[in-house]
Amino acid sequence: MKREAKRSGVFTRRALLVGGAQIAAIGALGARLYQVQVVEGARYATLADTNRVSARLIAPPRGRMVDRAGDQVAGNKLNWRALLIAEQTSDVTATLDNLSAIVPIADHERARIERELRRHRRFIPITVREFLSWEEMASIEVNAPDLPGILVDVGTTRIYPFGPTLAHIVGYVAPPNEQDIQDDSMFALPGMRVGRAGVEKFHDVELRGRAGAVQLEVNAVGRVIRELDRQEGTPGQDIQLTIDTGLQQSVLARLGDESASAVVMDARNGEVLAMSTNPSFDPSLFNSGVSQAQWIEWTNNRKAPLINKAVAGLYAPGSTFKMVVAMAGLESRAITPYDVVNCPGYLDFGDRRYHCWSKYGHGGMDLHNGIKNSCDVYFYEVARRTGMDHIAAMANKFGLGVKLDIELPGARTGFMPTREWRQKQGKAWNIGDTIVSGIGQGYMQLTPLSLATMVSRIATGRAVQPHLTRSIAGVLQPGSKPEDWPLIAVADKSLHAVREGMFAVVNEPGGSGPLARLTMPGVQLAGKTGSAQVRNVTREQREKGYKSDNMPWEMRPNALFVAFAPYDAPRYAVALVVEHGNAGAEAAAPIVRDIMTDVLTRDPAGRKDGLGQRVADAVPMPAPPGSVKIP
Amino acid sequence: MSLMERRLIRETSYGLTAKLWQISWIYVLLLCALAAVGYTALYSAAGGSPDPYASRHILRFSFGLALMLAISLIDIRFIAKLSWLAYAGCVVLLILVLKMGHTGKGAERWIDLGGMQWQPSELMKLALILALAHWFHKASWERTGSILFLIPPAVAVLVPVALILKEPNLGTAVITAVVGGIVFLGAGVRWWKVLALVCCVGAVAPVAYNHLHDYQRARITTFLHPESDPLGAGYNIIQSKIALGSGGMWGKGFLNGTQGHLNYLPEKQTDFIFTVLAEEFGLVGGLALLGLLLFIILGGMIIGLRCRHQYGRLVALGISMNFFMYVLVNVAMVSGAIPVGGVPLPLVSHGGTAMITVMIAMGVLMSVHVHRDVEFGDGRDEF
Chain E
1 MKREAKRSGV
11 FTRRALLVGG
21 AQIAAIGALG
31 ARLYQVQVVE
41 GARYATLADT
51 NRVSARLIAP
61 PRGRMVDRAG
71 DQVAGNKLNW
81 RALLIAEQTS
91 DVTATLDNLS
101 AIVPIADHER
111 ARIERELRRH
121 RRFIPITVRE
131 FLSWEEMASI
141 EVNAPDLPGI
151 LVDVGTTRIY
161 PFGPTLAHIV
171 GYVAPPNEQD
181 IQDDSMFALP
191 GMRVGRAGVE
201 KFHDVELRGR
211 AGAVQLEVNA
221 VGRVIRELDR
231 QEGTPGQDIQ
241 LTIDTGLQQS
251 VLARLGDESA
261 SAVVMDARNG
271 EVLAMSTNPS
281 FDPSLFNSGV
291 SQAQWIEWTN
301 NRKAPLINKA
311 VAGLYAPGST
321 FKMVVAMAGL
331 ESRAITPYDV
341 VNCPGYLDFG
351 DRRYHCWSKY
361 GHGGMDLHNG
371 IKNSCDVYFY
381 EVARRTGMDH
391 IAAMANKFGL
401 GVKLDIELPG
411 ARTGFMPTRE
421 WRQKQGKAWN
431 IGDTIVSGIG
441 QGYMQLTPLS
451 LATMVSRIAT
461 GRAVQPHLTR
471 SIAGVLQPGS
481 KPEDWPLIAV
491 ADKSLHAVRE
501 GMFAVVNEPG
511 GSGPLARLTM
521 PGVQLAGKTG
531 SAQVRNVTRE
541 QREKGYKSDN
551 MPWEMRPNAL
561 FVAFAPYDAP
571 RYAVALVVEH
581 GNAGAEAAAP
591 IVRDIMTDVL
601 TRDPAGRKDG
611 LGQRVADAVP
621 MPAPPGSVKI
631 P
Chain H
632 MSLMERRLIR
642 ETSYGLTAKL
652 WQISWIYVLL
662 LCALAAVGYT
672 ALYSAAGGSP
682 DPYASRHILR
692 FSFGLALMLA
702 ISLIDIRFIA
712 KLSWLAYAGC
722 VVLLILVLKM
732 GHTGKGAERW
742 IDLGGMQWQP
752 SELMKLALIL
762 ALAHWFHKAS
772 WERTGSILFL
782 IPPAVAVLVP
792 VALILKEPNL
802 GTAVITAVVG
812 GIVFLGAGVR
822 WWKVLALVCC
832 VGAVAPVAYN
842 HLHDYQRARI
852 TTFLHPESDP
862 LGAGYNIIQS
872 KIALGSGGMW
882 GKGFLNGTQG
892 HLNYLPEKQT
902 DFIFTVLAEE
912 FGLVGGLALL
922 GLLLFIILGG
932 MIIGLRCRHQ
942 YGRLVALGIS
952 MNFFMYVLVN
962 VAMVSGAIPV
972 GGVPLPLVSH
982 GGTAMITVMI
992 AMGVLMSVHV
1002 HRDVEFGDGR
1012 DEF
């Protein structure tokens, strides 16, 4: 009995201890609950709400682009696509096998589908095939019983009705990358596209619109339980370009096989009517993804079809620069229009001899004849007297070597050398550098668009900026009227002297660009030729009887021509660069004549119609289906 | 009337009616209250419907209650005689289950018995308590002090622990070891010897960790930093804490718990049922439930203290300790204090076999209570 009492006593003691420990442990659990539920409660309450409410975006339709006549140049097309919802089929593999009997699914596509199936929840639709034809869509619908989980729905895809004609201006869209999605979560929506080049890129924000948002209550696996709130988005805005598509097409056709670029501007307000770069490319290829072979073909092509040469091609302006030199001389009072320079065919300065294009020389030259004959020696001497500071300043005034307000992301500023620039390089600016700059050679590098801007400003005396946007969402943009642009601070008589010279180039007997003369009655074209060497002609070559025609294509001079018309009431300006076309007077002038004839016939700026008329009639596209969670 | 006489009277006059009167009906009421809490929680977990959880829960509880009452009428001495048989049977079942049982969620092993799926490891714990109690009941106080005498019961603990670890079921293995250790303590084995046994299990732990499945290791590592893997293994803990925390002091109201109803809570009808309640009824509700559970645990301890024989005392201690361990591990797990372990909350969580096992144990506990004064040895080394 004593033993039993001892056992009982020990048990009682220990049982009480264990009981006490149990009470303490349950108390600790209570304390833990207090900490989680009350002390940290507010934080977790917020987390519970973010868990529960999911904001999702509704994709807006992308804005369209029309040309100045109202013809659609970038739009949206319905895109029928087959989607797969995994939870609606018992056997995904069998469904896909059945589907591929109707519409072929490539192996790499099959791999992508299986990857997405693994990544997404089973009720999220996965794109199986896009761009279904009507026949494919119909046979999927007919075979629906064999295709559980397959759903045909409609989204939109970007189309460019004029394809390569406007590729360099309109640009293209492509699927968004990770960075885009980070910047704007709207891009995670299926079928969204982001502008990658051209106006599509420049006006991407206006074109893409604003996504609508729905607040949804979702459960843990992301299935929607109910809609809490909805805000409709705004569709992308329609943009009207200044381009005349018909003109653009005919200019492009006139360029033929040349690697060339032509810009046609309304000289009074800077509207770009045509900006044709040859060769071009089909922008719709970027929408679905460019094949490797196509890409290699584009990048290896020495005529660089992907480059918009009008704004990204850099060329020495050659003789087309001489008007600027003349105005710099006149305005700085280094010369008068009547000063005569004798041209024996060359100018000796320092230990170098600078040749004129005519080795027999032009004799006594004043300003008018200097421009008319494009006499190099005259302009060597004018440049020498004027100095590079005045020349560069005048060039900048006329839009050369400065950034232009063109709506193309790939546009380059070009380069106008100055003494300061040379000194920053740690080298001295020599008078020789000024002399070669007088004929538009040397360090300067300019775009065809800036040359068109220059000739526009010469023609009208207004500091117009080239631009492509005429109206956004039906609202005419500033800059469409000549009065929007300030007059250039250059004396009228200087401008007039230069214009007269340009008139003489084309229309006076013995002018250097007779092939540009218009055959239309009552209208005259004023212009200037240019042939810019792309490499130095050595003394050795010159003595052997250098002829650029015999050079390999890459080494031939670029042929240039700038012009405006009508001479007595300037309205249109044209700049043309034919890469390695040799002489501007032969390769470029006739093309400009034909272009200008076409422009004057069409008279796009003079037409009263076209301001977004056809835009208003157009029916807005439905929003592409699908939504995305805002992170 | 001497003590001897009173005992004699009780022994002879225990008819069925008398035994029924001896059942602690208050304790039964506490269990019914707990099952009712379970019904409420499962009703909410099903989105405000008795189907599919709550109605089945109450059916099972009714069956379990009948079973418990039936067992409580069985003479504890008869149960004691079956102790080692039950132990041997459970070990055989454990081995069988390792050989041919099916696996659920890559872990706990189940076996088909009479159309129901059983987890023998749950029954094993009860059988282990009975066997250990039987061993120490028979032994004299002096022999309880000898080390040689302690080796067989130590082996009796380690064998099922090792088998359960191999399943692998970390949570149940730890609980089994702890429950076994408590019975040692209650029997009067010196503290340091129990500690030695604990160290013995502890020494196996690193070896066991190497044999752990990746998911179990993941549970341990994400326990330390649950936020590091919010959509993976840490998801359960985070979502449970969010549910608890957003419940606050007074809760969101019955059937208004967003976390539970929108399925953010994983396995809400089983392991995370406590969270469902605490989200909807707040800290107040959580503490009330903890209080109820504490009453049931301490009730078991009191049954042990009032028992006049060592077997009953040790059985009561082991069973309430087992119940306590369920509560401790489950609530600590859902509040993010220990790794997720797959331990249900007894009589609240949805699950048939767990409930039946608990009710069998409660029946044995009640049998101890009913037969607390029976003449049943006094430690005279009846070997």
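Protein sequences appear in the order of chains E and H.
Sequential numbering from 1 applies to the first sequence in our numbering.
Sequential numbering from 632 applies to the second sequence in our numbering.
Don't be surprised by glycine CBs; every beta carbon is placed ideally from N, CA and C.
Any beta-carbon of chain E closer than 8 Å to the one on residue i?
i, result
"residue 901(H)", "no"
"residue 889(H)", "yes"
"residue 937(H)", "no"
"residue 750(H)", "no"
"residue 780(H)", "no"
"residue 1007(H)", "no"
"residue 968(H)", "yes"
"residue 909(H)", "yes"
"residue 962(H)", "yes"
"residue 769(H)", "no"
"residue 877(H)", "yes"
Which term fits residue i, buried or exposed, when burial requires 16 or more other beta carbons within 10 angstroms of its beta carbon?
i, result
"residue 961(H)", "buried"
"residue 429(E)", "buried"
"residue 201(E)", "buried"
"residue 231(E)", "exposed"
"residue 108(E)", "exposed"
"residue 133(E)", "exposed"
"residue 300(E)", "exposed"
Have a look at residue i and residue j and give me their C-alpha separation to the nearest angstrom.
i, j, result
"residue 530(E)", "residue 581(E)", "11 Å"
"residue 680(H)", "residue 688(H)", "13 Å"
"residue 49(E)", "residue 901(H)", "24 Å"
"residue 715(H)", "residue 1003(H)", "21 Å"
"residue 385(E)", "residue 325(E)", "10 Å"
"residue 33(E)", "residue 920(H)", "12 Å"
"residue 41(E)", "residue 30(E)", "15 Å"
"residue 721(H)", "residue 757(H)", "9 Å"
"residue 798(H)", "residue 985(H)", "17 Å"
"residue 139(E)", "residue 178(E)", "36 Å"
"residue 668(H)", "residue 899(H)", "15 Å"
Please return the same chain residues whose Cβ sits closer than 6 Å to the Cβ of residue i, not counting the five positions on each side in sequence.
i, result
"residue 149(E)", "84, 85, 88, 89 and 95"
"residue 661(E)", "There is no way to answer for residue 661(E), as the model of chain E reaches only from 1 to 631."
"residue 309(E)", "261 and 277"
"residue 163(E)", "282"
"residue 685(H)", "670, 673 and 674"
"residue 666(H)", "692 and 978"
Against chain H, with Cβ distances strictly below 8 Å, would residue i count as a contact?
i, result
"residue 215(E)", "no"
"residue 118(E)", "no"
"residue 24(E)", "no"
"residue 40(E)", "yes"
"residue 32(E)", "yes"
"residue 48(E)", "yes"
"residue 211(E)", "no"
Could you name the residues of the same chain whose beta carbon sits closer than 8 Å to that of residue i, not counting the 5 residues immediately before and after it, in chain order?
i, result
"residue 515(E)", "585, 586, 589, 590 and 593"
Leaving out the 5 sequence neighbours to the left and right, which residues in its chain are closer than 7 Å to residue i when beta-carbon positions are compared?
i, result
"residue 363(E)", "342 and 343"
"residue 379(E)", "322, 325, 370, 438 and 439"
Next on the checklist: For the pair the stretch 559-571 of chain E and the stretch 263-271 of chain E, tell me if three or more CB-CB distances fall below 8 Å.
Outcome noted: yes
Next on the checklist: Counting beta carbon pairs with one atom in the stretch 450-458 of chain E and one in the stretch 382-400 of chain E, are three or more of them shorter than 8 Å?
Outcome noted: yes
Next on the checklist: Count Cβ pairs between the stretch 515-525 of chain E and the stretch 558-566 of chain E that sit closer than 8 Å; are there 3 or more?
Outcome noted: Contact holds: three or more Cβ-Cβ distances are below 8 Å.
Checklist entry - Any contact of the stretch 329-336 of chain E with the stretch 294-314 of chain E, i.e. 3+ C-beta pairs under 8 Å? => result Proximity of the stretch 329-336 of chain E to the stretch 294-314 of chain E falls short of the contact definition, fewer than three beta-carbon pairs being nearer than 8 Å.
Checklist entry - Is the stretch 459-474 of chain E touching the stretch 337-357 of chain E in the sense that three or more CB pairs, one from each, lie closer than 8 Å? => result Contact fails: fewer than three Cβ-Cβ distances are below 8 Å.
Checklist entry - Between the stretch 938-948 of chain H and the stretch 804-821 of chain H, do three or more beta carbon pairs fall short of 8 Å? => result Contact between the stretch 938-948 of chain H and the stretch 804-821 of chain H is present, because at least three Cβ pairs lie under 8 Å.
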